[in-house]
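Just so we're aligned, residue 0 is where the sequence shown starts under numbering that gives the first Met the number 0, counting upward by one. Every residue, glycine too, gets a C-beta built ideally from N, C-alpha and C. Remember, predicted model here, so these are calculated numbers, not experimental data. Written out below as structure tokens is the structure these notes cover.
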Amino acid sequence: MVRVRFAPSPTGYLHIGGSRTSLFNWLYARAKQGKFILRIEDTDKARSKKEFLDEILESLRWLGMEWDELYFQSQRFALYKEYAQKLLDKGLAYREGEAIIFKVVPQKIKINDLIHGEIEFDATTIKDQVLIKSDGTPTYNFACVVDDALMQITHVIRGDDHISNTPKQVMLYQVLGFPLPQFAHIPLILGKAGGRLSKRTGAVAISEYRKAGYLAEALVNFLMLLGWSPGNNQEIITLKEAINRFDITQVNKTAAIFDLEKLNWLNNYYIKHTEPQRLRELVIPLLVDAGLVDKANLDKEYVLKILKLFQPRLNNLKDFCAWADFFFKKEIEIEPAAKEKFLAVDKSAEFKLFLEKLAALEDFNPLSIEEAFRNLVRELNIESRSLIHPLRVALTGKTVGPGLFEVIYYLGLERTKQRLSKWIK
Ligand code: GLU
């Protein structure tokens, strides 16, 4: 039976790289009807924080990667000592003060990596390895091997950055008499301009993406494509479908490129295809946070209507708060450049006439509003644009947004009057 593990250290938040490693493990486990084990590598007591642990667990759950077993290395110190003692007893390790050190035997080590193929290491330069530090805590390499062996991990799927640890670990498997697992080292993720991912290029916590209004299914889809492809240029793929198609041996050897535009494109796709009612539930907390709505007296129907207006264009739900703010604010702010460009010329007469026409409408709806507008520009013999842009800026504070007549309709006659009156001298 396939048993894989994701082994994060709770010394930081879950990032793109870690969640992708976790996802490939999870997918492989589900594809092979095996087990996905979550192992918290919290041996460093000073740097491990509950806050990070909570964020990691919550983000994994949010992304849909439920684990079958959960272990904490901090609860297993006695085991690591026991195995270190075995090596001491056999004369394969020695003490140096309180520390226990592994005597490395110079040799060449070969592994057959499922992604990279055969890798040969010249381990003749590897120095003796600390197994247990003088403070009693195990080193990463030692705890990792003891755990992978005792947890019967069949496939060690992890980032490329651990390739250099592999020969050290293989030597430990050998002296401990444990069978070797298969190794699969997945490629690094680089920024679009090359180089490591930085905060600016996307290396932010998964929880930050969540807060910015990315949908879990979009993020998961995005992560899948970082080093793997379902083939046929297919880019939209759900977690469920990926389970049937995923194969760890088909993961790329070369670095994956993090492309925020692609994430935005995927998120836009999933937003477009999500039930508005579900989106509304996701967007309400963001609106509350942004101070745009009051939780206590919230017009959920109104939120839904406005959301639908913006739904096709949203790259993330936070954009909604920024783009649709004028529907929720009492006083709007006008972008200075927009004011300069479209409201510098006095539109008093036109605004006044337009308001009169709106007030006279029997039925106030986007179509009748449009008709009123068209009639006015015809009567005044002016171009539509000369009025449409000033109206939009005066009503929304922005130069772009949904169709103007829908904007007026959803703002309602009262608010339209209020906002235009400001510009009537
Ligand atoms: N705790 C290690 C890390 O976060 C795990 C490495 C491994 O998978 O072996 O990088």
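- The Cβ-Cβ distance between residue 247 and residue 76 does not fall below 8 Å.
- If you draw a straight line from the Cα of residue 153 to the Cα of residue 0, it is about 8 Å long.
- Not one heavy atom of ligand 1 is found less than 7 Å from the C-beta of residue 54.
- Distances from the CA of residue 303 to each of 309, 291, 279 and 294 were compared; the closest alpha carbon is that of 279.
- Taking residue 323 as the centre and dropping the five residues before and after it, the same chain places the C-beta of 305 and 309 closer than 7 Å to its C-beta, in chain order.
- Between ligand 1 and the CB of residue 8, the shortest heavy atom gap is smaller than 7 Å.
- Minimum Cα-Cα distance from residue 30 among the listed residues 173, 141, 330 and 242 corresponds to 242.
- Taking the Cβ atoms as the reference, residue 408 lies roughly 5 Å from residue 365, within the contact range of under 8 Å.
- Here DSSP, grouped into helix, strand and coil, assigns residue 130 to strand.
- Residue 155 sits away from residue 172, with the two beta carbons spaced by 8 Å or more.
- Boundaries of the alpha helix (DSSP H) around residue 416: 403 to 420.
- Taking 8 Å as the cut-off, the beta carbon of residue 252 is found closer than this to the beta carbon of residue 186.
- Around the CB of residue 40, 16 or more other CB atoms lie within 10 Å, so the residue is classed as buried.
- DSSP places residue 181 within a strand segment (E or B) once states are collapsed to three.
- Close CB contacts of residue 226 within its chain, under the 6 Å cut and outside five residues either way in sequence, are with 185, 186, 250, 251 and 255 (chain order).
- With a threshold of 16 other beta carbon atoms within 10 Å, residue 224 meets it and is buried.
- At least one heavy atom of ligand 1 sits closer than 7 Å to the Cβ of residue 40.
- Given a length threshold of 4 residues, each whole run of the alpha helix (DSSP H) inside the segment 158 to 234 is given here in chain order: 165 to 175, 205 to 210 and 215 to 223.
- In this structure, residue 376 lies away from residue 394, with their beta-carbon atoms at least 8 Å apart.
- Only buried fits residue 188, as 16 or more other CB atoms lie within 10 angstroms of its CB.
- For residue 154, the distance from the CB to the nearest heavy atom of ligand 1 is not below 7 Å.
- Annotation: the continuous beta strand (DSSP E) that includes residue 92 extends over 92 to 95.
- In this structure, ligand 1 has a non-hydrogen atom nearer than 7 Å to the beta-carbon of residue 143.
- Within 10 angstroms of the beta-carbon of residue 93 lie fewer than 16 other beta-carbons, which makes it exposed.
- In terms of Cα proximity to residue 37, the closest of 28, 45, 43 and 44 is 28.
- Between the C-alpha atoms of residue 49 and residue 56 there is a straight-line separation of about 11 Å.
- DSSP, reduced to helix, strand and coil, places residue 331 outside both helices and strands of the structure shown, so it counts as coil.
- Cα atoms of residue 59 and residue 140: separation of roughly 24 Å, rounded to the nearest angstrom.
- Distances between the C-beta of residue 115 and the heavy atoms of ligand 1 are all 7 Å or more.
- Under the three-state reduction of DSSP, residue 3 is assigned to strand.
- Residue state for residue 70 is assigned as strand, using DSSP reduced to three classes.
- For ligand 1, a non-hydrogen atom lies closer than 7 Å to the CB of residue 161.
- With a cut-off of 8 Å on Cβ pairs, the segment 8 to 19 is in contact with the segment 191 to 211, counting three or more such pairs.
- Judged by DSSP in its simplified three-state form, residue 111 adopts strand.
- Taking 8 Å as the cut-off, the beta carbon of residue 108 is found no closer than this to the beta carbon of residue 180.
- If you draw a straight line from the Cα of residue 354 to the Cα of residue 311, it comes to about 30 Å.
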